[in-house]
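Have a look at the structure below before the remarks.
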Amino acid sequence: MMHPYAQIILTAIVFLCMLHAAFGMDEYGWVDPSSTSDTASNPCYLDQQSCGCCVMQKQLNKMEQYFNFSYEGMHHVLTESKMALNNFRESRSAFSVALNSNARMLCFGPFPDDKRIPFKHVFINLGDSYSTDTSIFTAPRSGVYSLAVTIYSDIDSPINPFAACANLMVNGHAVAVLPEHKGNDPEDSSTVVVAVGLKAGDQVVVLLPAGCVICDNLSHFNTFTGFLLHTTDS
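Mind the numbering: the sequence shown is residues -24 to -1, 1 to 210 in mature numbering (1 follows the signal peptide of the UniProt record, and there is no 0), read in order.
In structure tokens form, the structure reads like this:
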């Protein structure tokens, strides 16, 4: 079926062709049937009106084929564009979380063993790949991801050599370590940003090593952020 816009255009073209045929029939090479030239092999010479309609019909068919071809081409391009857009939307993955949202400063740690840091306050979780229940980010697709961790503590303890420290882990292996030795002031912080290649299903967590402590409140000093830079799967 012809596209509605193409039908309107073709109607206008046919109207112009009919006007042109009415005022310029000699342009198509028609001659008087009484001419002495051989007309038996050309039926158009015997019926000029029918021949004009035949010529216009052929032109109309050509234009219809052209418009149908153009419409099919545009429809194909539009379909591919929609598929690419949907694929892009499905591949989006980004999250950013903080330790807590308490009005007063609360600390996590120190513990005798390594503990998974429970980032509970969610800024964004596009794709729902970060779980606040497990504090694990699971890569939805294979690709290159940007991961960032910031830790902070506000504890003044002379017996604690590391006030703030953490390990960024991928599938149980440390890819970045954030140690911060205690200084002269009670506040300590550290930040790391890395780009890593992950496979679909890889799990990323932030661990608090034994003896370390982090503290946070509404200021959100402790954050864990990640997003997909580009996919590597087909």
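We put the CB at the ideal spot given by N, CA and C, even for glycine.
Quick caveat, the model's predicted, so the values are computed rather than measured.
According to DSSP, residues forming a beta bridge with residue i
i, result
"Asp164", "Ser129"
"Ala79", "Looking at the DSSP assignment, Ala79 forms no beta bridge with any residue, so it has no partner."
"Leu154", "Ala142"
"Lys91", "Leu184"
"Leu36", "Partner(s): none; Leu36 has no beta bridge."
"residue 233", "There is simply no residue 233 to check, as the chain begins at -24 and stops at 210 in what is shown."
"Ala124", "Val169 and Thr201"
Span of the beta strand (DSSP E), counted from its first residue to its last, around residue i
i, result
"Cys191", "Ile190 to Asp192"
"Ile112", "Ile112 to Thr114"
"Ser72", "Ala70 to Ala74"
"Thr108", "Thr108 -> no beta strand (DSSP E), and no H or E assigned at all."
"Thr199", "Thr199 to Thr207"
"Phe99", "His97 to Leu102"
6 Å Cβ shell around residue i - same chain, five flanking residues per side excluded
i, result
"His149", "none"
"Met145", "Val181 and Leu183"
"Pro88", "Ala186"
"residue 237", "In the structure displayed, the chain extends from -24 to 210; residue 237 sits before or after that span and is not available."
"Phe203", "Ala70 and Ser122"
"Met59", "none"
"Lys91", "Leu184"
"Val168", "Val125, Ala152 and Leu154"
Cβ distance (whole Å) where residue i is taken to contact residue j below 8 Å
i, j, result
"Val189", "Phe113", "About 23 Å separates the two Cβ atoms, so there is no contact after all."
"Leu205", "Ser122", "6 Å"
"Ala124", "Thr201", "5 Å"
"Ala176", "Asp209", "7 Å"
Any non-hydrogen atom of the ligand COA closer than 7 Å to residue i Cβ
i, result
"Arg117", "For the structure depicted, the ligand COA is absent and the ligand set is empty, with no information on it obtainable."
Contact set for residue i: own chain, Cβ-Cβ below 7 Å, skip 5 residues either direction
i, result
"Thr207", "Ser67, Arg117, Ser118 and Gly119"
"Asn101", "Phe71"
"residue 211", "Outside the shown range of the chain, which is -24 to 210, sits residue 211, and nothing can be said about it."
"Ser111", "Arg92, Ile93, Pro94, Phe95 and Val181"
8 Å CB neighbourhood of residue i in its chain, flanking five on each side removed
i, result
"Asp178", "Thr114, Ala115, Val146 and Asn147"
"Ser165", "Thr126, Ile127, Tyr128, Ser129, Ala140, Glu156 and Phe197"
"Ser105", "Ser69, Phe71, Phe113, Thr114, Ala115 and Pro116"
"Leu194", "Ser77, Asn78 and Ala79"
### Message
For the region 32 to 49 against the region 91 to 105, do three or more pairs of beta-carbon atoms, one drawn from each stretch, fall closer than 8 Å, so that the two count as touching?
### Response
no
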